[in-house]
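Below is one structure, written out as structure tokens, with a few remarks after it.
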Amino acid sequence: MPPEFKLCISDPKSGKTESVKLEGSSAIPLLGLKIGSVVDGSIAGKPGVKLMITGGSDRSGIPMVPSVQGGVKKEIWVKRKTVVGETRRKMLVRGNQVSEEIYQVNMKIITGDA
């Protein structure tokens, strides 16, 4: 089955977000890229701009995390400071690499005119 991604492209200058759907052979260049990778905007129909991958999630809403390597699904401990002290809990996350299981890829415009 060919990959299918929903790209959420945010423009920090205007504060607006645009959604673009990629299917089939146009989605293949994103496979294997990691959070923080910079790609040409022409793959999303925005020639002349550069896009940086900032995160994403799979179909069930499990988020990508930059600290987990690869395209795996893993449980990690998350620490949070509260008024009383520190709380810890397990959280299911995805790795930092775009794979076939990822559905939504979040990106932001870093250069060029939008």
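In this note's numbering, each residue's number is its place in the sequence shown (first place is 1) plus 274. Backbone N, C-alpha and C define an ideal beta-carbon position, used for all residues, glycine too.
Sub-8 Å separation of residue i and residue j beta-carbons
{"i": "Ile383", "j": "Pro286", "result": "yes"}
{"i": "Ile376", "j": "Met365", "result": "no"}
{"i": "Lys348", "j": "Val367", "result": "yes"}
{"i": "Gln378", "j": "Lys280", "result": "yes"}
{"i": "Arg362", "j": "Lys353", "result": "yes"}
Residue from the options with nearest C-alpha to residue i
{"i": "Gly345", "options": "Leu305, Leu281, Arg354", "result": "Leu305"}
{"i": "Thr328", "options": "Ile283, Pro303, Ile350, Glu297", "result": "Ile283"}
{"i": "Asn380", "options": "Val352, Met326, Val357", "result": "Met326"}
{"i": "Gly310", "options": "Lys347, Val357, Gln343", "result": "Gln343"}
Span of the beta strand (DSSP E) around residue i
{"i": "Glu360", "result": "360 to 368"}
{"i": "Arg333", "result": "It is not in any beta strand (DSSP E) - Arg333 carries neither H nor E in the DSSP assignment."}
{"i": "Glu374", "result": "No beta strand (DSSP E) contains Glu374, which DSSP labels as neither H nor E."}
{"i": "Thr291", "result": "290 to 297"}
{"i": "Lys320", "result": "Premise fails: Lys320 is in no beta strand (DSSP E) and is neither H nor E."}
{"i": "Ser316", "result": "Counting along the chain, Ser316 falls outside any beta strand (DSSP E), and DSSP gives it neither H nor E."}
{"i": "Val352", "result": "347 to 355"}
{"i": "Leu281", "result": "278 to 285"}
Is the region 364 to 373 close to the region 327 to 343, with three or more CB pairs under 8 Å? yes
Can you find at least 3 beta carbon pairs, one from the region 308 to 325 and one from the region 287 to 296, that sit closer than 8 Å? yes
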